[in-house]
Structure formats: C-alpha cells, structure tokens
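These notes concern the structure reproduced below.
In the numbering used here, the protein residues as written are 1461 to 1957.
Shown next, in the form of structure tokens:
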C-alpha cells in the first residue's frame, strides 16, 4: 500500500515520509506494520529521541487495544510483561514500550540454581553467587596441586571486608565458602544452603545428600542434584507462611512441563542410552535419597511424590538456563605461564578439561576439528597448556544450571534480540549478595516486540538443519523468522549458508 508520492528511498537511506506511513498504519490499526516502519526508520538514521516519541504513540494505541483484546498481564519483569505469545508458543515476554539497544531489560535472582558436579571438581566458588573465590594458591590447593611461591598474592576476586580472599561457612563441618560476608549471611538465611548446610544437617540426612550428589555425578545428571536445592527453597517458602498451592505455583505449575521420562521418547534423549526406562531408574534412585534428606519435613511431603519430581525434572529440561561464568584467572595467562612450572601447568590443564561448557559438540562439522585438537594436545601437552593459558581458556568457566522465571517465559529464536548474563548487579549499582541473571537488548526494541533468546547460543549462524536438530530436545520445531526464511530460500533452490 502506497501512502505517499515520490520515489522509494534506496537501502540505507531514511525515507522522509516514514512518519506519515507510520501514522497511516496506526490509524488503520495495522500495528505490526507500524512497528516495522519505526524499526526501519531507526535503523536508517532516525534519532533515538524521535523513535521514543513515536514509540510512545504506538505504546498508547497497543495499550488501548490490549484492554479489549488481551487484557491479562500474567507477570512483569523489568521492562517486560508476560502475555500469551504467538499461536503454539504458550506464554512469552514482550516490551510494552520502546527500549534502546544495550539497555537492561530485567534482572532477577533465579528461583534455584546449582554448580554442576563436573564444574565443582575444577573450580572453588562462592556458594551464594558462584563466583570463583580465593587466590591462585587456594584454587591450586583445592585441585590438589602444589601452589608456588607468590601465588597466594594473586587474588581471584575482590577481598572481603576482613581482608580474606575466602570466607568460610560459620558452621563446623561445612566446607562451603563465600566471597564475602554479605553472600554468607544471605545464603544462611535465604538460599538452599540454609537447609542443606552440612554443618546443620543431622548425620543421616547429610549422608542422603552425599548419596544424591554421587548419583548426579555418576549419571551426569545435574538436574537430580538441583531437585534437592529446589525442594530446599520450597521448604523455606513454606516456612515463610506460603500455602502448598502457592508454593507449587511459584516453583513448578507456572512453567512449561512434561514428565521427564516422556521427554526421552522416540530417540529424543541425549544419546542412545538416554531412554525413558533409564530416566525412570535414575529418578527412582534419586527420590529415595530425597525422601531421606527431607525426612520429617511435612510441608514437602506432596512434592516428594515421584510424579511431581518427574514433572519438575521435565520443567528443568525444558526451561532451565545453563550458567556459564568466566574464571577471572583466565585474564592473567602470561602470569600463569611465568609462575607455574610445566608439571603444574599441564596437570591444571588436564583437570580443567573435565568441565566442558560447550553446547556445540553435536553440531555438524565439529568432530574433525575437535579430534585434531585432542591429538595435538596428546602430542605436546605442555604446548597445549601454554596455548590455553595465553588464549584465556586454561581455567574452565563455572558451569551450572538455574531455574529463572523471566528466562522460563522467554521464547526461542535463532535470531535473538537479547543477551543473558550472570552477575551481581547492573553496571553502576552496588553489588548485591547471591547470583543474579540479567538480560540486555542486542538492538532497539519497538513497543509490542516479543523478546527472544537463543536456547542454545552456539546455533546462531549455523545451518538450518543443525539449528532444527538442536531444538528438537526442547520439544518443538523452530519457526522463527530466520528458520522460515531459510526454508523458503531452500525451497526456491537458493543455497542457504
């Protein structure tokens, strides 16, 4: 539809008639078209102030429409609201107003989270915020390696108020550590550590927790361990006076779910051994430890039923986010090469290979490069360790898993418009205790835009077949704009790269 005379502007040139086109679509209630006109104008040189002004117009009209057609706002997170998303996509996050590129969309503490067992073998972290703690000396000692002279002065993170690099839990018998007193106090009152602290648990319950940790480690199923931490948070929620129904709604019912064993049907497990029968056996063993761990806690009795636990595990698999926090010592590669002897350096490199945060190992074309790298390391492990130190990859990232509300409501796109990061607080704000997850826009968002993330970040830019295969584990076929465009191009005989 033409809304003005004159020739069409070339790509990259701002159309002087864009404001008239925008208002024409607004008055015709063609809000999606109005949004695209505004997005195009902003990309071609319209000022942010102008975009905000016209974005406010669009926001006002969308608000009036939604009062009649879609009045239910199911939740709010920062600049975002939760509403019914596109057909077949359940709920989703959207922005009611204009949000500039690089802005923080929301920030929240996850409902529950845990460091992965494989990561726990490679790096000592603060139990509250999962940041690496201590010094180079304490990290090496934690791994059973000899700490050289001077390594105690190489701090991993900021010192606490009392001058220590590591703050221990104040309960005898507990080996948990913290980065500062604020994190320790918060964890002992508000996190799962308040329930699962080894210094507080009776001997029989502590043995049950250790048994669960062994199963999670042996089966490489970190979500089994997360069950204990989630149930501990639910227990605190119940002790605070919340009802059974409110607790189930907060931690489980509001999220997408499916029985954990059913998610592995029809070959959808992680590998050939990951079958529904295997998952049922794992959960049955874990549930025994969970019942012993929370013995006598009547408030949790309904949540220890096998059917609930299986649905909880299904929720974790469908909506959890992988935690990946860079190790601060990776910024000091040259210092590590100078300070550590070849034996310590190679042992450290070998130990860190136990925690792999890569999500692309099954991508097309990754096997040859991966095998070649391993062969090179076996031929010259010292050179491989030095190269890793210089490239900032000697220490593995801290890896874990988290159930976060805003993330759970965010739908997937192979062309996401936001980034997820972990930290304490937004830039310029004083640090707060515990782990925080926050989202930042990749580009300006126009009123009414849905917010998208990449469930598997490594697939962005990969071929269509790879993207679709990796999304299968989440139980849907991706129909984002990028996938639909690639399908159309492939059907027309165009080469898609």
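All C-beta atoms in this analysis are idealised placements derived from N, C-alpha and C, irrespective of residue type, glycine included. The structure presented is a predicted model; accordingly, all values stated were derived computationally and were not measured.
How should residue i be labelled, buried or exposed, when 16 other C-beta atoms within 10 angstroms of its C-beta is the threshold for buried?
i, result
"residue 1494", "buried"
"residue 1737", "exposed"
"residue 1781", "buried"
"residue 1855", "buried"
"residue 1924", "buried"
"residue 1965", "Outside the displayed range of the chain (1461 to 1957) lies residue 1965, so it cannot be described from this structure."
"residue 1789", "buried"
"residue 1762", "exposed"
"residue 1472", "exposed"
"residue 1652", "buried"
"residue 1846", "buried"
"residue 1450", "Any property of residue 1450 remains undetermined from this structure, which presents the chain solely from 1461 to 1957."
"residue 1829", "Its pLDDT being 42, under 50, residue 1829 is placed unreliably by the model, and the measurement read from it follows with that caveat. Burial call: exposed."
"residue 1842", "exposed"
"residue 1793", "buried"
"residue 1727", "exposed"
"residue 1775", "buried"
"residue 1908", "buried"
"residue 1613", "exposed"
"residue 1543", "buried"
"residue 1513", "exposed"
"residue 1766", "exposed"
Measuring straight from C-alpha to C-alpha, what distance separates residue i and residue j?
i, j, result
"residue 1701", "residue 1646", "19 angstroms"
"residue 1665", "residue 1627", "25 angstroms"
"residue 1680", "residue 1720", "15 angstroms"
"residue 1940", "residue 1539", "23 angstroms"
"residue 1689", "residue 1930", "28 angstroms"
"residue 1488", "residue 1481", "11 angstroms"
"residue 1827", "residue 1882", "A caution first: residue 1827 carries a pLDDT of 39, below 50, which makes its placement in the model too unreliable to give a value."
"residue 1787", "residue 1795", "15 angstroms"
"residue 1560", "residue 1502", "10 angstroms"
"residue 1756", "residue 1524", "52 angstroms"
"residue 1791", "residue 1785", "13 angstroms"
"residue 1928", "residue 1729", "15 angstroms"
"residue 1751", "residue 1771", "17 angstroms"
"residue 1877", "residue 1802", "44 angstroms"
"residue 1818", "residue 1773", "For residue 1818, the pLDDT reaches just 48, beneath the cut-off of 50, and the residue's location in the model is therefore unreliable, leaving the point undetermined."
Taking a contact to mean a Cβ-Cβ separation below 8 angstroms, would you say residue i touches residue j in this structure?
i, j, result
"residue 1639", "residue 1574", "no"
"residue 1603", "residue 1611", "no"
"residue 1960", "residue 1570", "Missing from the structure shown is residue 1960; the chain here goes from 1461 to 1957 and no further."
"residue 1716", "residue 1921", "no"
"residue 1906", "residue 1606", "no"
"residue 1678", "residue 1637", "no"
"residue 1577", "residue 1673", "yes"
"residue 1867", "residue 1911", "no"
"residue 1872", "residue 1943", "no"
"residue 1633", "residue 1658", "yes"
"residue 1656", "residue 1669", "yes"
"residue 1919", "residue 1874", "yes"
"residue 1895", "residue 1590", "yes"
"residue 1900", "residue 1615", "no"
"residue 1683", "residue 1777", "yes"
"residue 1870", "residue 1913", "yes"
"residue 1556", "residue 1522", "yes"
"residue 1754", "residue 1764", "yes"
"residue 1695", "residue 1800", "no"
"residue 1511", "residue 1904", "yes"
"residue 1749", "residue 1675", "yes"
"residue 1879", "residue 1851", "no"
"residue 1693", "residue 1572", "yes"
Could you please give me the residues that DSSP links to residue i through a beta bridge?
i, result
"residue 1595", "1615"
"residue 1417", "Residue coverage of the chain in this structure runs from 1461 to 1957, which leaves residue 1417 outside it and unanswerable."
"residue 1748", "Beta-bridge pairing links residue 1748 to no other residue."
"residue 1782", "1861"
"residue 1554", "1541 and 1910"
"residue 1574", "1861"
"residue 1421", "This structure cannot speak to residue 1421, because the chain is shown only from 1461 to 1957."
"residue 1628", "1637"
"residue 1585", "1592"
"residue 1924", "According to DSSP, which records beta bridges pairwise, residue 1924 is partnered with nothing at all."
"residue 1905", "1559"
Please specify which runs of the alpha helix (DSSP H), each continuous and at least 4 residues long, are wholly inside the stretch 1637-1706, giving them in chain order.
-> 1641-1650, 1653-1656, 1663-1678 and 1682-1699
Could you pull out every unbroken alpha helix (DSSP H) segment of at least 4 residues lying fully inside the stretch 1467-1550, listed in chain order?
-> 1478-1487, 1491-1503 and 1508-1529
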